[in-house]
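Comments concern the structure below.
Residue numbers (the numbering used here): 45 to 208.
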């Protein structure tokens, strides 16, 4: 019972750490909204915790609930956690954020994910098409054309129905 209690406590602590990081990121985004790049004043440096993979997934899922995230926040998020270098679960959530917020500097990450993580990418094709953004739809079509011959047949059919 001691182990179970400590495991639950440890899990709760990790969740609380993530929630605290989400608050920091949201405050960061609000403090950088509408600011010009030319005027840079010294702001206190925020220290972000190093997060484990599961915590990063949770962080990104919680940020996905936000209706607006600035380009500055998304850029800082990618740099801080090196999201391109994380595991497929983290990169999948990152791609969802990129698509939702039409963060065009991240489209390369989405393309890489769709080409190299085909099994997990089916959902992202749907997200790219639902956004009704011509650039995102072109990205979906381009990726499909690059990988459709090597895709699992049932996955390919599903994606083709969404994209074509």
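The beta-carbon is built from N, C-alpha and C at its ideal position, and this holds for glycine as well.
- Residue environment for residue 56: exposed (fewer than 16 other C-beta atoms within 10 angstroms of its C-beta).
- Taking the Cα positions, residue 72 is about 27 Å away from residue 157.
- Residue 142 and residue 186 have their C-alpha atoms some 17 Å from each other.
- Across the structure, residue 61 and residue 174 are spaced so that their CA atoms are roughly 33 Å apart.
- A direct Cα-Cα distance of roughly 26 Å separates residue 147 from residue 195.
- When the Cα atoms are used, residue 203 and residue 179 turn out to be separated by approximately 17 Å.
- With contacts defined as CB atoms closer than 7 Å, residue 169 and residue 124 fail to qualify as a contacting pair.
- Straight across, the Cα-Cα distance linking residue 54 with residue 129 is about 26 Å.
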